[in-house]
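Numbering (full-length UniProt numbering), first residue to last: 1 to 347. A virtual CB, placed ideally from N, CA and C, is assigned to each residue, including glycine. Report on the following structure.
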Ligand code: BGC
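Right, here's the structure in full:
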């Protein structure tokens, strides 16, 4: 593991980069600001390494663009909560309204801006664990939450693990918000990537505010059907209301089978394939529809649909939808969530 200074936060806290690599040419860098994945180098079909995640070269970049969540850990709750409020054990909790009337990714000053402790570094297993104590009442949520997030670089994958426990009943729905571009972070559009998603259903949104209707709809005969691999761009601009609301894909897909890969994504130029597995019930497939002009790493400019996210999660607004699996974390229970992204070459 190589540790180097990245910079300091606005409040003067020291920020570091931690880099791990293996014999197969995979290399990942993470940082204690936001427990963020800053770089992920993967060999392409010619053996040249490409950095396949979007990010920033400076701490200021992460601070100034915190609403993009490039590579960040999101907590306590990923995605949206309608009217920024929920009820738990008979008490109504009010959160910040940072997305119209709703709460998105838990609001400003979220976990993406916190400086996390480094709890352990395991050089033999290429693994680092960050830890955060989120006080009772933080962001409006009940209970003091202890959250550990680990990144491990294995032979051909990165494994992100979350372990959480709380002093009171609360909700916990963490995710990693990496924007992937398997052609390289500075390679332009992702619409020619090919994608297969093992998801027969998705949760439609009511309107452009993106709160789910509460239904679980079949993808059959809609542009949401990725069960057979197709390019992301094939139907993205159809006049299908769900795509119009979100300006592309920005939807939660219901995963069919948690024991198998739920996604297979291929970079059209690089031949890099990424497969993903998780034990969380859904994935937010987001095609970077709200990116317009962001100055990123190596002076790259990230524009509309130049990165895509596969954010594993409980369904959006699950805390307010009784038919969705609950993100409730009971007092003193310990939960473990895991998402693995595996890299291969397209043959
Ligand atoms: C959301 C998008 C949002 C993006 C960045 C995604 O998880 O679904 O609507 O624009 O995060 O905040």
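Would you check whether ligand 1 has a heavy atom nearer than 8 Å to the C-beta of residue 250? Look at residue 250: its beta carbon is less than 8 Å from one of the heavy atoms in ligand 1.
Is residue 12 helix, strand or coil by DSSP? coil
Please name the residue in 32, 46, 39 and 36 whose C-alpha comes closest to that of residue 270. 46
Can you give, in chain order, each stretch of the beta strand (DSSP E) that sits fully within the segment 272-298 and has at least 3 residues? Whole beta strand (DSSP E) segments, 3+ residues: 272-278 and 282-286.
Would you grab the beta carbon distance between residue 82 and residue 102 for me? Rounded to a whole angstrom, and I think it's under 8 Å. 6 Å
Kindly examine ligand 1 and report whether one of its heavy atoms sits closer than 8 Å to the Cβ of residue 69. Look at residue 69: its beta carbon is less than 8 Å from one of the heavy atoms in ligand 1.
Tell me the DSSP secondary structure of residue 241 in three-state form. helix
Going by the DSSP bridge assignment, what does residue 43 pair with across the sheet? DSSP links residue 43 through a beta bridge to 49.
Beta-carbon proximity check, residue 57 vs residue 41, cutoff 9 Å: no
Just grab the DSSP bridge partners of residue 327 for me. DSSP, once it has assigned bridges, lists no residue as partnering residue 327.
Contact under 9 Å by Cβ, residue 145 with residue 167: yes
Would you say residue 104 touches ligand 1, meaning its beta carbon is less than 8 Å from a heavy atom? yes
Helix, strand or coil for residue 179, going by three-state DSSP, please let me know. Residue 179: coil per DSSP, three-state reduction.
To which residues of the same chain is residue 254 closer than 8 Å at the C-beta, ignoring the five residues directly before and after it? Scanning its chain for C-beta atoms nearer than 8 Å, with the 5 sequence neighbours on each side dropped, one finds around residue 254 the residues 199, 200, 201, 202, 203, 216, 281, 282 and 315, in chain order.
Grouping DSSP H, G and I as helix and E and B as strand, with all else coil, what is residue 198? Residue 198: coil per DSSP, three-state reduction.
Cβ of residue 186 versus every heavy atom of ligand 1: is any distance shorter than 8 Å? no
Starting from residue 59, trace the alpha helix (DSSP H) both ways and give me its first and last residue. 59-64
Taking the beta carbon of residue 148 as the centre, do at least 16 other beta carbons fall within 10 Å, making it buried, or is it exposed? buried
Within its chain, find whatever has a CB closer than 8 Å to the CB of residue 136; leave out the 5 residues flanking it on each side and keep chain order. 142, 143, 144, 167 and 168
Taking only the alpha-carbon atoms, compute the straight-line gap between residue 4 and residue 343 and give it to the nearest angstrom. 26 Å
Straight-line gap, residue 276 to residue 339 (C-alpha atoms, nearest Å): Each residue's Cα considered, the two are about 7 Å apart.
Can you tell me whether DSSP reads residue 117 as helix, strand or coil? Secondary structure at residue 117: strand, using DSSP grouped into helix, strand and coil.
Can you give me the C-alpha to C-alpha distance between residue 250 and residue 25, rounded to a whole angstrom? 32 Å
Suppose you measure from the CA of residue 63 to the CA of residue 15; what does that come to, to the nearest Å? 12 Å
Residue of 85, 70, 32 and 163 minimising C-alpha distance to residue 115: Residue 115 has its Cα closest to that of 32, out of 85, 70, 32 and 163.
Same chain only: Cβ atoms within 6 Å of residue 213, ignoring 5 sequence neighbours per side: 204 and 206
Sort out for me which residues DSSP pairs residue 347 with in a bridge. For residue 347, which the question treats as bridged, DSSP gives no partner whatsoever.
contact_flag[the segment 119-135, the segment 94-110] where n(CB pairs < 8 Å) is 3 or more: no
Shorter than 8 Å, the distance from the beta carbon of residue 242 to the closest heavy atom of ligand 1, or not? Exclusion of residue 242 from the 8 Å shell around ligand 1 follows from its C-beta lying no nearer than that to any non-hydrogen atom of the ligand.
Going by the C-beta, is residue 210 closer than 8 Å to any heavy atom of ligand 1? A heavy atom of ligand 1 is found nearer than 8 Å to the CB of residue 210.
Closer than 8 Å to a non-hydrogen atom of ligand 1 - does that hold for the CB of residue 309? Residue 309 Cβ: within cutoff of ligand 1.
Report the CB separation of residue 220 from residue 195 in whole angstroms; it is logged as a contact under 8 Å. Distance from residue 220 to residue 195 at the Cβ level is roughly 17 Å; contact not present, criterion being Cβ atoms closer than 8 Å.
Fully enclosed by the segment 78-161, which beta strand (DSSP E) runs are 3 residues long or longer? 85-88, 91-94, 117-122, 127-134 and 145-153
Report yes or no: do the segment 314-328 and the segment 112-128 share at least 3 C-beta pairs separated by less than 8 Å? no
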